[in-house]
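Engineer: Note that the protein sequences, when read in sequence, are chains L and S. Okay, so the first sequence: first residue is 197 according to our numbering, each after it adds one. Okay, so the second sequence: first residue is 197 according to our numbering, each after it adds one. Even for Gly, the Cβ is constructed at its ideal location relative to N, Cα and C. Keep in mind the model is a prediction, meaning the values are calculated, not measured.
2 protein chains.
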Amino acid sequence: MATKITPISGFPELLPRERFAEQHVLDVVRRTFELHGYAGIETRAVEPVERLVGKGGDADKEIYAVSRLAGGEDARDASLGLHFDLTVPFARYVLENAGKLDFPFRRYQIQKSWRGERPQEGRFREFTQADIDVVDIGSLPAHFEAEMPIVLAEIFEQLPVGDFRVRCNNRKIPQGFYLGIGLTDIVTTLRIVDKLDKVGAAGVRAMLVEAGATAQQAEQCLALAEISTADGGFVDQVRALGVDHPLLQEGLQTLAEVMSAASAATRPGRVVADLSVARGLDYYTGTVYETQLVGFESWGSVAGGGRYDALASDGATTYPGVGISVGITRLVQLLIARRGLTTTRSTPSAVLVAVTDDAGRPRSAAVATALRARGIPCEVAPKADRFGKQIRYADRRGIPYVWFPGTGDDDGDQVKDIRSGAQVPAQAQTWTCPDEDLRPALRTD
Amino acid sequence: MATKITPISGFPELLPRERFAEQHVLDVVRRTFELHGYAGIETRAVEPVERLVGKGGDADKEIYAVSRLAGGEDARDASLGLHFDLTVPFARYVLENAGKLDFPFRRYQIQKSWRGERPQEGRFREFTQADIDVVDIGSLPAHFEAEMPIVLAEIFEQLPVGDFRVRCNNRKIPQGFYLGIGLTDIVTTLRIVDKLDKVGAAGVRAMLVEAGATAQQAEQCLALAEISTADGGFVDQVRALGVDHPLLQEGLQTLAEVMSAASAATRPGRVVADLSVARGLDYYTGTVYETQLVGFESWGSVAGGGRYDALASDGATTYPGVGISVGITRLVQLLIARRGLTTTRSTPSAVLVAVTDDAGRPRSAAVATALRARGIPCEVAPKADRFGKQIRYADRRGIPYVWFPGTGDDDGDQVKDIRSGAQVPAQAQTWTCPDEDLRPALRTD
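Shown next, in the form of structure tokens:
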């Protein structure tokens, strides 16, 4: 153990209290996914390198290759790399198992990915993502696009993130609108309008004109991007711009249905139609999603996704779908760093069973066994120290209750809530504590 | 997607029904660990290679090195490898965070590891392990050694594994015994006796004599290894062999306490004292554990561990501890392959909400929202097909209930248990199903 121990940049690790907070987030996400009928799968950490290259935009040089340290032929032939997202492995999984899956296939996947990018705030080399997708064979009804913002809103309602916005757009709206005003280079136009937050309206206007738009076309693009409504009101606002195109109408209708479904299932204002949302220019073809925490917009999107026409194709069959991804590590690390996210204790134990003397340890162990049988996490004190010291052991860890087993000569067992100091007689077969004491609770500043 | 898709040997993946079974196992393990007051942590997937080399016995050449595919200096300097177990990273984590942890530190860790060994039944290159350890600073009381077989027994009682044995020994028993009969090469003797299952008593006898033991010494070694009792009876059987040594007495006392604690907290016969258990010759110093499934002993141990004197040391301080590891992937893959482990459905959905016609989709979505709000996983049918087809959608996935929203012109909502065919009126705000229908249930052949 002579090696000096230093953290590895970009590979975050958590202390127990913070890990409890992360686990809580993961539990909320998983439960929500399952309530919506998504089946969990996991894919292996590695894919053949040739399957990873060219799939992640600029990510090729960020791929981590894996090879046997001292292998012979086997190592050289391997050509494996760690996956850098969950989409590439999911696409491969669908193709590999197509004959054994039920379509439309609703799956969730909560796993780590690795990306050798430069570590910075909110960017990690090892990070956990939580994805859901619905994919079907050949075609996928648009109503699935309405599910995603509802799932996102349900997740964030359960987390200590304060106010948030799930912002939705439909790729067909700007696309049809641009065509309707005579701009045919859709991708370039989208790319410029996407810089609105960074360079402002004047900057976008100048860039659009430079790219060949007239001043009036540029104004119209800006007017579209500035539309944002918490209900279906965006439809009339777009129509008031006086542009018509079949794609535009299609996009407006689908997004109106998304907003209508969201308004029936989520709190007002959480899901908004925001026609400036761009996202994944070359991949998404319908509704797109982003999620910002209000007051922390500079963090960027903590969850997003969209509708795509081809997750994968084996030539004969394509698999269209719609999906979202929650950046768990990014979210949790930012909540820890900026909001002091932690938990009330460093152990799952709700009760520390004290030990009166070494001979009494079996009696304490019996209390612990009885409590556990009723779902109460607990541990037995490591030493038969004086009770003050045993109470301090619990206090340091945030364990709320200390149990004192009776000795036979006294009035029986007692349990102390060390937060209030209240101590009452108790029996291990019947005692209960409030549900919120059963597990560590989240705390933020 | 021109690459031909083939599984990668040693990197198993599961279909949804099997993954539910694995997830169930993981949930049982985690819940049990938490009931016993172990705090969950995760460590990064990579360690500096020099920290991995030499720590895994013969495993050096099985280490997977990780490097940036197209990195410059950064990639060359990295020298990272994927961890091959959870002990090496845990030891590093303890040293790195010693000042921030509460000792004795009780932690669990459920993560994947990677080992480039030759894939074969029960051996994988990517596999999940579930570990607990209690580590302390300087010294650790022996009573912690009694916790481990209880945790193991509780886990396996909850899994569909049939009868099982948690076999315990104490390293000090053979060690003291061998010294007591005049054999001083402890490791060689242990190594030979450990072959008892493979080569039989005659083989062990011959090898011991060849290694320098007298015929009588060899007989005594065999007599010790053959002792196995489901209670504290082993103590008298060892004493009847007429050998005395302080280490032997110490080992007998600790193992007797382990068995006494186990008998108070587990079903009779699950935890046994078995003086032939060897395990990790150069690492463990006290109680050692193995777990076999009865009738499947050839699978080897599916969970084990032991007491060690030094998880890690920074020179000034050593961290002794005791721990166990459950081989999740091995266990689950074997249960799938040999016992047909699966689950009753391929989705978490307990209810499929049918769709009467496209205009009625919002009404179906409202039913789903109401059910989810009460913790009932469900999904809305993808298409407004005729009901027979929607029922088949549910049936194919094993979804037990189909919900028919009322149209306003009829008597209101109805729900059908498609297993029995029974159909009853129901309201989304009040309807419940039996708890066991809320999630997929395990099935074995």
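1. Does Gln219/S get closer than 8 Å to chain L when you measure Cβ to Cβ?
2. Looking only at its chain, what residues have a beta carbon closer than 6 Å to the beta carbon of Leu489/L, apart from the 5 residues adjacent to it on each side?
3. Inspect the CB distances between the segment 474-494 of chain S and the segment 360-372 of chain S and report whether three or more fall short of 8 Å.
4. For Ser205/S versus Pro315/S, is the C-beta spacing smaller than 8 Å?
5. Quick check on the DSSP output: the alpha helix (DSSP H) that includes Pro516/S runs from which residue to which?
6. Report the start-end ranges of each beta strand (DSSP E) in the segment 544-603 of chain S that is 3 residues or longer and not cut off at the edges.
7. Where in the segment 235-318 of chain L do unbroken runs of the alpha helix (DSSP H), each at least 4 residues long, occur, reported from the N-terminal end onward?
8. So, using beta-carbon positions, are Val242/S and Leu276/S closer together than 8 Å?
9. Is the shortest distance between the beta-carbon of Val242/S and the beta-carbons of chain L less than 8 Å?
10. Note down, in chain order, every chain S residue with its Cβ under 7 Å from the Cβ of Phe207/L.
11. Along chain S, which residues have their Cβ under 7 Å away from the Cβ of Ser542/L?
12. Would you decide whether Pro630/S is buried or exposed? Buried here means 16 or more other CB atoms lie within 10 Å of its CB.
13. Would you tell me roughly how many angstroms separate the C-alpha atoms of Phe320/S and Ser309/S, rounded to the nearest one?
14. In its own chain, which residues sit with a C-beta less than 6 Å from the C-beta of Leu477/S, not counting the 5 before and 5 after it?
15. Are the Cβ atoms of Leu231/S and Glu218/S separated by less than 8 Å?
16. Nearest to Arg592/L by CA position, among Ile614/L, Gly236/L, Pro573/L, Val431/L, is which residue?
17. Quick one: which chain L residues come within Cβ less than 7 Å of Cys574/S?
18. Gly447/L touches chain S at which residues, Cβ-Cβ below 7 Å?
19. Please list, in chain order, the chain L residues whose beta carbon lies closer than 8 Å to that of Glu322/S.
20. Which residues, in order along the segment 366-380 of chain S, keep a beta-carbon less than 8 Å from a beta-carbon of chain L?
21. What first and last residue would you give for the alpha helix (DSSP H) that runs through Gly353/L?
22. Suppose contacts are defined by Cβ-Cβ distances below 8 Å. Is Ala550/S in contact with Gln586/S by that definition?
23. Please identify the residue among Asp223/L, Leu222/L, Pro285/L, Val225/L whose C-alpha is closest to the C-alpha of Glu246/L.
24. What residues match up with Val405/S in a beta bridge as DSSP calls it?
25. If the cut is a Cβ gap below 8 Å, which residues of chain S does Arg557/L touch?
26. For Val389/S, which of Ala421/S, Gly376/S, Ala407/S, Arg367/S has the nearest alpha-carbon?
27. Is there a Cβ of chain L sitting closer than 8 Å to that of Tyr515/S, yes or no?
28. The alpha helix (DSSP H) with Leu489/L in it runs from where to where?
29. Measure the CB-CB distance between Thr539/S and Pro636/S and report whether it falls below 8 Å.
30. Which chain L residues sit within Cβ distance under 9 Å of Glu292/S?
31. Could you list which residues in chain S have their beta carbon closer than 9 Å to that of Val245/L, in chain order?
32. For Gln433/S and Val473/S, I'd like the C-alpha separation in whole angstroms.
33. When burial is assigned at 16 or more other CB atoms within 10 Å of the CB, is Asp440/L buried or exposed?
34. Roughly how many angstroms lie between the CA atoms of Asp522/L and Ala555/L, to the nearest whole one?
35. Please name the residues in the segment 574-601 of chain L whose beta-carbon is closer than 9 Å to at least one beta-carbon of chain S, in chain order.
36. Look at the alpha carbon of Ala407/L and the alpha carbon of Ala546/S, and state the distance between them as a whole number of angstroms.
Structural biologist: If we stick to the structure as given:
1. Flagged as an interface residue toward chain L: Gln219/S, by a C-beta distance shorter than 8 Å.
2. In the same chain as Leu489/L, and ignoring 5 residues on each side of it, the C-beta atoms closer than 6 Å to its own belong to Val357, Phe360, in chain order.
3. The segment 474-494 of chain S vs the segment 360-372 of chain S: in contact.
4. In this structure, Ser205/S places its C-beta atom within 8 Å of the C-beta atom of Pro315/S.
5. For Pro516/S, no alpha helix (DSSP H) segment is defined; the enclosing uninterrupted segment is the beta strand (DSSP E) at 514-523.
6. Counting only runs of 3 or more, we get 547-549, 574-576, 597-600.
7. Listed in chain order, the complete alpha helix (DSSP H) runs (minimum 4 residues) inside the segment 235-318 of chain L are 245-248, 269-274, 283-293.
8. Yes. Within cutoff.
9. Yes, contact with chain L.
10. For Phe207/L, the C-beta contacts it makes with chain S under 7 Å involve Arg240, Val242, in order along the chain.
11. Simply Ala235, Asp298.
12. Label assigned to Pro630/S: exposed.
13. Phe320/S and Ser309/S: Cα-Cα distance of roughly 10 Å.
14. If we look at Leu477/S and ignore the five residues flanking it on each side, its Cβ neighbours are Val383, Leu386.
15. In this structure, Glu218/S does not lie closer than 8 Å to Leu231/S by Cβ.
16. Of the candidates Ile614/L, Gly236/L, Pro573/L, Val431/L, the one whose C-alpha sits nearest the C-alpha of Arg592/L is Ile614/L.
17. In chain order, Gly233 make up the part of chain L whose C-beta sits under 7 Å from the C-beta of Cys574/S.
18. Within chain S, no C-beta atom comes less than 7 Å from the C-beta of Gly447/L; the nearest is roughly 19 Å away.
19. Neighbours of Glu322/S on chain L, chain order: Arg240, Ala241, Val242.
20. Within the segment 366-380 of chain S, no residue places its CB atom closer than 8 Å to a CB of chain L.
21. Note that residue 353/L is Glu in the sequence shown here, rather than Gly. First-last of the alpha helix (DSSP H) with Glu353/L: 343-353.
22. Yes, the Cβ-Cβ distance between Ala550/S and Gln586/S is below 8 Å.
23. The residue with the shortest Cα to Cα distance from Glu246/L is Pro285/L.
24. DSSP lists no partner for Val405/S.
25. Neighbours of Arg557/L on chain S, chain order: His339.
26. Nearest of Ala421/S, Gly376/S, Ala407/S, Arg367/S to Val389/S, Cα basis: Ala421/S.
27. For Tyr515/S, the answer is no, since every Cβ of chain L falls outside 8 Å of its Cβ.
28. No alpha helix (DSSP H) contains Leu489/L, which is instead part of the beta strand (DSSP E) from 480-489.
29. Yes.
30. Within chain L, the residues near Glu292/S are Ile201, Thr202, Pro203, Glu209.
31. The contacting residues are Leu265.
32. Going from the Cα of Gln433/S to the Cα of Val473/S covers about 16 Å.
33. The residue in question, Asp440/L, is exposed, as its Cβ has fewer than 16 Cβ neighbours within 10 Å.
34. For clarity, residue 522/L is Val in the given sequence; the question names Asp instead. Cα to Cα, Val522/L sits roughly 52 Å from Ala555/L.
35. So the close ones are Cys574, Glu575, Val576, Pro578, Lys579, Tyr589, Arg592, Arg593, Ile595.
36. Looking at the two C-alpha atoms, the distance is approximately 54 Å.
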